[in-house]
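Chemist: For reference, the structure I am asking about is given below.
Numbering (the working numbering), first residue to last: 15 to 270.
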């Protein structure tokens with residue numbers, strides 16, 4: 015099976031590290047016509063510089079906070095100005111504050127909800143009309159095991175991911191008539207810089223990594239690259255009968 019994204023233009027948010035970076039690289043490797051990488055930090059990671067050297071103007075970069083409407087305006091306009099279409103949006107950028115729900119400040123709650131949930135509303139507001147005109151399009155949402163089960167200290171993060179899972183179902187039904195599909199990929203723990211930082215902060219990294227592995231029946235956590243390969247498959251024409259789905263890529267976590 016040759017999974018290709020030839021001719022497709024995609025936006026990937028949260029593309030400067032971890033899963034978003036791996037998805038950006040995988041989409042370009044799969045011959046995407048264009049990828050717009052969206053992230054807040056002002057510097058460009060070395061990996062994206064390498065992609066620029068390999069793929070040239072197929073890679074476009076938009077700096078911005080997905081919690082703000084202007085960012086959705088910017089990446090939609092960039093896709094249309096540079097490539098004339100927008101086929102896939104990966105809504106991946108997210109933030110988390112590790113705290114029990116009642117301990118959140120109102121500012122923390124709004125920070126998580128605006129970055130994780132309202133960002134998808136901004137995406138819909140600007141991307142859906144483009145896809146309606148095209149009569150086709152795909153939105154892939156980065157969900158989480160936290161959106162399906164309760165996990166301690168996931169106070170605002172878990173409700174935000176649960177909201178995204180439901181938004182995917184709502185949007186899938188709402189826009190199916192327009193040829194637009196919407197799916198959620200809900201991962202367990204993935205080996206990313208954020209997890210490495212958490213392990214260091216724990217004070218006992220070895221025990222922390224062991225705990226993460228034991229939490230997943232498969233006995234390990236995922237790599238960003240294997241997650242990205244599944245996103246690439248889901249963005250391809252092999253997966254066109256999926257819509258409104260929450261796909262658990264979690265090493266058996268939610269099967270327990």
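For glycine and all other residues, C-beta sits at the position ideal for the given N, C-alpha and C.
Within 8 Å of any Cβ in chain B, is that where the Cβ of residue 162 sits?
Modeler: In summary, chain B is missing from the structure at hand, where a single protein chain is found.
Chemist: Return helix, strand or coil for residue 130, following the three-state DSSP convention.
Modeler: Helix, per DSSP.
Chemist: Assuming residue 134 and residue 100 make a contact with CB atoms under 8 Å, what is their CB distance in whole Å?
Modeler: Contact flag wrong, Cβ pair sits at about 15 Å.
Chemist: Let me make sure I understand the geometry here. Which of 77, 82, 106 and 81 has the alpha-carbon closest to that of residue 92?
Modeler: Of the listed residues, the one whose Cα sits closest to residue 92 is 77.
Chemist: In the DSSP assignment, what are the bridge partners of residue 199?
Modeler: Note: residue 199 sits in a beta bridge opposite 156 and 261.
Chemist: List, from N- to C-terminal side, the beta strand (DSSP E) runs of 3 residues or more that fit wholly inside the stretch 178–244.
Modeler: Entirely contained in the stretch 178–244, the beta strand (DSSP E) runs reaching 3 residues are, in chain order, 194–201.
Chemist: Could you check if residue 145 is buried or exposed, using at least 16 other CB atoms within 10 Å of its CB as the buried criterion?
Modeler: With 16 or more other Cβ atoms within 10 Å, it is buried.
Chemist: Who are the near neighbours of residue 235 in its chain, counting only those whose CB is closer than 6 Å to its CB and skipping five residues on each side?
Modeler: Cβ neighbours of residue 235 beyond the five flanking positions: 203, 205 and 226.
Chemist: Which of helix, strand or coil does DSSP assign to residue 18?
Modeler: Three-state DSSP puts residue 18 in coil, outside helix and strand.
Chemist: Threshold first: 4 residues or longer. Then list the alpha helix (DSSP H) segments lying entirely within the stretch 79–114, N to C.
Modeler: You should have 83–97.
Chemist: Kindly confirm or deny that the stretch 159–170 and the stretch 259–269 touch, where touching means at least three C-beta pairs closer than 8 Å.
Modeler: Touching, yes, given that three or more Cβ pairs across the two stretches are closer than 8 Å.
Chemist: If residue 19 and residue 44 are in contact, beta carbons under 8 Å, what's the gap, nearest whole angstrom?
Modeler: The Cβ separation is near 4 Å, so the contact holds.
Chemist: Report back the beta-carbon spacing between residue 231 and residue 269 to the nearest angstrom; my notes put them in contact at under 8 Å.
Modeler: Going by Cβ atoms, the distance from residue 231 to residue 269 rounds to 7 Å, so yes, they are a contact pair.
Chemist: Under 8 Å, do residue 182 and residue 198 count as touching if we go by C-beta distance?
Modeler: Yes; because the gap between Cβ atoms is below 8 Å, this pair is in contact.
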